[in-house]
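Position one of the first sequence corresponds to residue 2 (the numbering used here), numbered consecutively onward. From the three backbone atoms N, C-alpha and C, an ideal C-beta is built for every residue, glycine too. Below you'll find the structure, written out as structure tokens, and then a few comments.
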Amino acid sequence: MIQPERIKSLNDIAAKNGAYVLYWMQQSQRASANPALELAISEANQRRLPVVVCFGLMADYPEANARHYTFMLQGLRDVDQQLRKRGIAFVVKLGRPDTVALSLSADAALLICDRGYLRHQKFWRHNVALKADCAVIQVEGDLVVPVELVSDKAEYAARTIRPRILRNRDEFLTDCVDGEADIPSIDIGLESDIDVADVERVIETLNVDRSVRPVRRFAGGTSEARARLETFIRNGLDGYADGRNEPSEWQCSFMSPYLHFGQISPVELALEVKDASDGQRNDKASYLEELIVRRELAANFVHFQPDYDRFDVLPSWARRTLHEHASDRREYPYTSAELERAETHDPFWNAAMREMVHTGFMHNYMRMYWGKKILEWSPTPEAAFATTLHLNNTYFLDGRDPSSYAAVAWCFGLHDRAWAERSIFGKIRFMNAAGLQRKFDMDRYITEVDKLVAAEKR
DNA sequence: ATCGGCTCGCGCAA
DNA sequence: TGCGCGAAGCCGAT
Numbered sequence: 002m003i004q005p006e007r008i009k010s011l012n013d014i015a016a017k018n019g020a021y022v023l024y025w026m027q028q029s030q031r032a033s034a035n036p037a038l039e040l041a042i043s044e045a046n047q048r049r050l051p052v053v054v055c056f057g058l059m060a061d062y063p064e065a066n067a068r069h070y071t072f073m074l075q076g077l078r079d080v081d082q083q084l085r086k087r088g089i090a091f092v093v094k095l096g097r098p099d100t101v102a103l104s105l106s107a108d109a110a111l112l113i114c115d116r117g118y119l120r121h122q123k124f125w126r127h128n129v130a131l132k133a134d135c136a137v138i139q140v141e142g143d144l145v146v147p148v149e150l151v152s153d154k155a156e157y158a159a160r161t162i163r164p165r166i167l168r169n170r171d172e173f174l175t176d177c178v179d180g181e182a183d184i185p186s187i188d189i190g191l192e193s194d195i196d197v198a199d200v201e202r203v204i205e206t207l208n209v210d211r212s213v214r215p216v217r218r219f220a221g222g223t224s225e226a227r228a229r230l231e232t233f234i235r236n237g238l239d240g241y242a243d244g245r246n247e248p249s250e251w252q253c254s255f256m257s258p259y260l261h262f263g264q265i266s267p268v269e270l271a272l273e274v275k276d277a278s279d280g281q282r283n284d285k286a287s288y289l290e291e292l293i294v295r296r297e298l299a300a301n302f303v304h305f306q307p308d309y310d311r312f313d314v315l316p317s318w319a320r321r322t323l324h325e326h327a328s329d330r331r332e333y334p335y336t337s338a339e340l341e342r343a344e345t346h347d348p349f350w351n352a353a354m355r356e357m358v359h360t361g362f363m364h365n366y367m368r369m370y371w372g373k374k375i376l377e378w379s380p381t382p383e384a385a386f387a388t389t390l391h392l393n394n395t396y397f398l399d400g401r402d403p404s405s406y407a408a409v410a411w412c413f414g415l416h417d418r419a420w421a422e423r424s425i426f427g428k429i430r431f432m433n434a435a436g437l438q439r440k441f442d443m444d445r446y447i448t449e450v451d452k453l454v455a456a457e458k459r
């Protein structure tokens with residue numbers, strides 16, 4: 002069952018005669034627990050038509066490199082196999098997603114798309130709705146509670162959005178059953194431009210930026226996501242509330258890269274955790290807080306603040322206090338190149354940076370410390386913001402995600418409160434190495450990162 | 001080990 | 001209009 006609040010018509014055109022119902026896949030890169038796909042199947046079955054799923058693969062997706070493409074293509078290979086088993090054609094065309102969707106919409110009775118909150122994702126959908134000559138229907142499948150239902154404005158903090166989300170949460174935590182397409186489309190005669198399973202050839206063809214290498218630590222795809230989730234529920238959920246912050250343990254689900262590419266449904270994830278036999282009540286609550294309240298606060302942020310990647314998006318008290326301290330003396334004025342090479346005086350920070358550069362991931366607690374130090378060590382707060390976001394989007398598999406933009410801005414005061422005033426930070430929350438050492442086994446974090454980095458260089 | 005102070009502004013009660 | 005309180009903080013006092 003798909004909640005009606007997930008579904009929205011993007012134009013005023015009625016359904017027409019056509020050869021198939023088209024699902025234009027972009028954000029929700031999965032063939033299971035995908036409400037947009039399920040709506041397409043059900044609309045097609047009602048019309049006695051086949052369903053076609055298309056995907057536009059572009060060479061210059063904003064800030065993407067070989068690391069991101071490899072992970073995404075591993076996921077699309079999963080999608081291809083799963084759809085094939087169900088008799089559904091998966092048509093991958095080279096080109097901008099909206100262009101690909103529009104060209105295939107010419108023969109479609111109806112076009113169904115998923116939903117994204119970043120500026121380019123919204124623009125593509127807007128463009129398709131404007132130019133298509135068939136009905137365009139959008140289905141939200143990557144948040145638990147649809148963003149407009151929660152709030153009509155940028156929320157100030159977790160505490161203001163939490164009650165709004167929790168009011169609606171359980172109504173949207175329902176299974177999405179994978180249905181059967183009555184009429185196969187596999188032999189309909191639509192061919193892909195390229196075989197997504199041949200990752201190396203795709204990267205070659207698209208001439209993707211290879212300066213950032215793929216990682217061994219994470220393989221993309223829905224089946225990999227589900228296997229990791231099962232491992233987390235079995236081994237990591239019990240004690241999660243207390244253990245999740247210990248950097249040397251990585252007691253986390255590692256779902257953020259998979260959620261970023263839509264390879265797993267947050268609803269499925271939440272239901273699995275909620276109904277798990279492992280884990281205490283507070284461990285589950287803590288995980289659901291991260292997955293739903295904080296992740297959807299980030300979605301609220303990028304949706305209502307189109308300047309989510311600019312310093313000026315910060316709340317006025319944060320901008321004011323940072324400007325008042327913009328000319329404070331910097332004790333460690335590192336260049337962004339020195340930071341990128343992990344060449345600072347701080348061994349904890351260097352370890353975090355190495356985890357990021359070599360493995361595409363960083364422990365969540367260290368992400369906060371990492372960003373705070375870039376603020377402390379950069380010539381201006383604006384430069385620090387730009388450097389943090391650039392490194393974030395270049396190296397993280399889950400970079401360029403709403404959660405990334407919110408997390409970076411959090412380091413500069415977003416969704417936070419003022420604290421005791423001090424040099425450089427002003428009233429922005431401060432973090433230091435002494436705090437890390439007081440609370441955590443930081444020597445072990447460094448040793449563990451060394452092992453991870455060695456495994457990548459194998 | 002634990003606690004209060006630091007500081008801003010939202011949301012609710014009145 | 002007043003008041004309670006919050007996403008991870010630090011620091012000094014007890």
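inquiry  = Comparing C-alpha positions only, which one of N365, L340 and A15 sits nearest to M354?
reply    = Per the Cα distances, L340.
ask   = From this set, G263, A419, F72 and M363, which residue's C-alpha is nearest R214's C-alpha?
value = Check the Cα spacing between R214 and each of G263, A419, F72 and M363: the tightest is with F72.
query = Looking only at its own chain, which residues have a Cβ that is under 8 Å from the Cβ of V53, when we skip the five neighbours before and after it?
reply = Excluding the 5 residues flanking it on each side, V53 has same chain C-beta neighbours closer than 8 Å at Y21, V22, L23, Y24, I89, A90, V92, L105, A109, S186, I189 and L191, in chain order.
query = Using DSSP with H/G/I as helix, E/B as strand and the rest coil, what is Y366?
reply = DSSP places Y366 within a helical segment (H, G or I) once states are collapsed to three.
task = Output the residue ranges of the beta strand (DSSP E) runs that lie fully inside the stretch 53–125 and measure 3 residues or longer, sorted by chain position.
result = The beta strand (DSSP E) runs lying completely inside the stretch 53–125 and spanning 3 residues or more are 90–95 and 109–114, given in chain order.
message = Going by DSSP in three states, W378 sits in which element: helix, strand or coil?
response = It is helical.
ask   = What do you get for T395, buried or exposed, if any count of 16 or more other CB atoms within 10 angstroms of its CB means buried?
value = Looking at its Cβ environment, which holds 16 or more other Cβ atoms inside 10 Å, T395 is buried.
message = Comparing C-alpha positions only, which one of D194, S212 and V268 sits nearest to L230?
response = With respect to the C-alpha of L230, the residue from D194, S212 and V268 having the closest C-alpha is V268.
message = So for K154, helix, strand or coil by DSSP?
response = In this structure, K154 counts as coil in the three-state DSSP scheme.
inquiry  = Tell me which residue opens and which closes the alpha helix (DSSP H) that A271 is part of.
reply    = Unbroken alpha helix (DSSP H) run through A271: P267 to K275.
inquiry  = Using the Cβ count rule (16 or more neighbours within 10 Å means buried), how would you classify T322?
reply    = With 16 or more Cβ atoms within 10 Å of its Cβ, T322 is classed as buried.
request  = Determine the direct distance from the alpha carbon of R7 to that of Q27, and round the result to whole angstroms.
outcome  = Distance from the CA atom of Q27 to the CA atom of R7, rounded to whole angstroms, is 16 Å.
task = In angstroms with no decimal places, state the Cα-to-Cα distance between V80 and D402.
result = Taking the straight line joining both Cα atoms gives about 21 Å.
query = Which class does L131 belong to by DSSP, given the choice of helix, strand or coil?
reply = Reduced to three states, the DSSP call for L131 is helix.
ask   = Which residue comes first and which comes last in the alpha helix (DSSP H) that contains K458?
value = For K458, the enclosing alpha helix (DSSP H) covers residues M443 to K458.
query = Is the beta carbon of I166 less than 7 Å from the beta carbon of V148?
reply = No, they are not a contact pair.
request  = For L390, collect the residues of the same chain with a Cβ closer than 7 Å to its Cβ; drop the 5 residues on either side in sequence, then sort them by chain order.
outcome  = If we look at L390 and ignore the five residues flanking it on each side, its Cβ neighbours are D310 and V409.
query = Just to confirm, are R330 and S404 a CB contact at a threshold of 7 Å?
reply = For R330 and S404, no; Cβs fall outside 7 Å.
task = Name the two residues that bound the continuous beta strand (DSSP E) containing A343.
result = Counting along the chain, A343 falls outside any beta strand (DSSP E), and DSSP gives it neither H nor E.
Short Cβ contact (7 Å threshold) for P98 with G57 = Yes. Within cutoff.
Buried or exposed (CB count within 10 angstroms, at least 16 for buried), T1 = With the chain covering 2 to 459 only, the question about residue 1 has no answer from this structure.
ask   = Based on Cα-Cα distance, which residue from T206, F124, R168 and I138 lies nearest to L95?
value = If you compare the alpha carbons of T206, F124, R168 and I138 with that of L95, the shortest gap goes to T206.
message = At the level of alpha carbons, what is the spacing between Y288 and M256?
response = C-alpha separation (whole angstroms): 11 Å.
request  = Evaluate E156 with the Cβ neighbour count: other Cβ atoms within 10 Å of its Cβ, from every protein chain shown; 16 or more gives buried, anything less gives exposed.
outcome  = The residue is buried, with at least 16 neighbouring Cβ atoms inside 10 Å.
query = What whole-angstrom Cβ distance do L398 and F219 have, given they're in contact under 8 Å?
reply = At roughly 6 Å, the Cβ-Cβ gap stays under 8 Å, so L398 and F219 are in contact.
Sheet register partners of Y24 (DSSP bridge) = Partner(s): V54 and I113.
Own chain partners of N169 with C-beta closer than 8 Å, once the 5 adjacent residues on each side are dropped = The beta carbon of N169 is closer than 8 Å to those of V146, L150 and V151 in its chain, skipping five residues each way along the sequence.
query = Taking the continuous alpha helix (DSSP H) assigned at V200, which residues delimit it?
reply = Taken as a continuous stretch (DSSP letters only), the alpha helix (DSSP H) holding V200 covers V200 to L207.
key: Start and end residues, alpha helix (DSSP H) containing A41   = Start and end: P36 to R48.
message = Just to confirm, is the Cβ distance from L11 to V137 under 7 Å?
response = With respect to V137, L11 sits close: the two C-beta atoms are nearer than 7 Å.
query = Where does V274 land, buried or exposed, given buried means 16+ other C-beta within 10 angstroms?
reply = Buried, because 16 or more other Cβ atoms sit within 10 Å of the Cβ of V274.
ask   = S10 bridges to which residues according to DSSP?
value = DSSP, once it has assigned bridges, lists I138 as partnering S10.
key: Where the alpha helix (DSSP H) through L298 begins and ends   = Segment R296 to F305, the alpha helix (DSSP H) holding L298.
query = In this structure, what does DSSP give as the bridge partners for G427?
reply = BP columns for G427 point to R423.
inquiry  = Between H69, K86 and T161, which has its C-alpha nearest R418's C-alpha?
reply    = Nearest C-alpha to R418: T161.
Coil, strand or helix - N246 by DSSP = DSSP places N246 outside both helix and strand once states are collapsed to three, so it counts as coil.
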